[in-house]
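Worksheet for the structure shown next.
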Amino acid sequence: MAGRYFEDWAVGDRIEHEIRRTVTVTDNLLISTLTHNPQPLHIDLEAARASEFGQILVNGTFTFALMVGVSVGDTTLGTLVANLGYDKVTMPAPVFIGDTLRAETEILELRESLSRPNAGIVTFEHTMYNQRNQLVCRCLRTALIRRRHPKKDK
529 MAGRYFEDWA VGDRIEHEIR RTVTVTDNLL ISTLTHNPQP LHIDLEAARA SEFGQILVNG
589 TFTFALMVGV SVGDTTLGTL VANLGYDKVT MPAPVFIGDT LRAETEILEL RESLSRPNAG
649 IVTFEHTMYN QRNQLVCRCL RTALIRRRHP KKDK
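If you read the sequence shown in my numbering, its first letter stands for residue 529, the second for the next number, and so on.
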């Protein structure tokens, strides 16, 4: 199992995820059409060229989903009970077709679950960078993670 159990984490743990991904025209077009997002900046080359960006801007939901997806193998694969929420999603720099993206994760908080003795709550900070090391996306993800050894009632 690739994911870590609740007990395997410590606040401050950091992971540089090995998977990198170069964004393609198809990635951007698929996410835009799958989500019914007709934003011209994502799907209309002429409109995008006339914008301040001068080119197609990659749909931010793709960047966000890729960032979280790249992290799963190293964090929650096989140990996730449920994602509880995503907070403070920011995109401080644009992503363009051809950008190669990489992700990192840091553990910000660990909490015991009050209702589930077989799980704990982990707060991950996920960050994504382009090939120029510019931060392009950041979020907090709170997840309910299985414990290796369920807590016993006192």
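In this text, a Cβ means the ideal position worked out from N, Cα and C, and glycines have one as well.
Per-residue burial, D627 [other beta carbons within 10 Å of its own, 16 or more giving buried]: Here residue 627 refers to the residue found at position 99 when the sequence shown is read from its first residue. Taking all protein chains in view, the Cβ of D627 is crowded by 16 or more other Cβ atoms within 10 Å, so the residue is classified as buried.
Write down every uninterrupted run of the alpha helix (DSSP H) in the region 567-603 whose length is 4 residues or greater and which is fully enclosed by it, in chain order. The region 567-603 contains these whole alpha helix (DSSP H) runs: 568-571, 573-577 and 588-603.
Based on DSSP bridge pairs, tell me the residues matched to L638. Walking along the sequence shown from the start, residue 638 turns up at place 110. Answer by DSSP bridge pairing, in chain order: V650.
Pick out whichever of L562, D541 and N587 has its Cα sitting closest to the Cα of P568. Here residue 568 is taken as the residue at index 40 of the sequence shown, counted from 1. The residue with the shortest Cα to Cα distance from P568 is N587.
Indicate whether F534 and I584 have their beta-carbon atoms separated by less than 8 Å. Position 6 of the sequence shown holds residue 534. Position 56 of the sequence shown holds residue 584. No, they are not a contact pair.
Taking a contact to mean a Cβ-Cβ separation below 8 Å, would you say D602 touches I649 in this structure? Numbered from its first residue, the sequence shown carries residue 602 at position 74. Numbered from its first residue, the sequence shown carries residue 649 at position 121. It is not a contact, given that the beta carbons lie outside the stated cut-off.
Element boundaries [beta strand (DSSP E), containing L557]: Position 29 of the sequence shown, counted from the start, is the residue given in the question as residue 557. Premise fails: L557 lies in the alpha helix (DSSP H), V553 to L562, not in any beta strand (DSSP E).
Using only the alpha-carbon positions, how far apart do G582 and E634 sit? On the sequence shown, position 54 is the one that residue 582 refers to. On the sequence shown, position 106 is the one that residue 634 refers to. In a straight line, the C-alpha of G582 is about 34 Å away from that of E634.
Exposure of H570, with buried meaning 16 or more beta-carbon neighbours within 10 Å: Residue 570 sits at position 42 when you count from the first residue of the sequence shown. Flag for H570 reads buried.
Three Cβ pairs or more, each shorter than 8 Å: is that satisfied between the region 670-679 and the region 600-615? Inter-segment contact for the region 670-679 and the region 600-615 is present: three or more beta-carbon pairs are separated by less than 8 Å.
Given this structure, state the Cα-to-Cα distance separating K616 from A578, to the nearest angstrom. As a first step, residue 616 is located in the sequence shown; it is residue number 88 there, counting from the start. As a first step, residue 578 is located in the sequence shown; it is residue number 50 there, counting from the start. Taking the Cα positions, K616 is about 30 Å away from A578.
Counting C-beta neighbours from all protein chains within 10 Å, is the total for H545 16 or more, i.e. buried, or is it exposed? Mapped onto the sequence shown, residue 545 falls at position 17. That one is buried.
Leaving aside the five residues before and after M656 along the sequence, list all residues of the same chain whose C-beta is less than 6 Å from its C-beta, in chain order. For this step, residue 656 is matched to residue 128 along the sequence shown. Hits under 6 Å: M595, L629, A631, V664 and C665.
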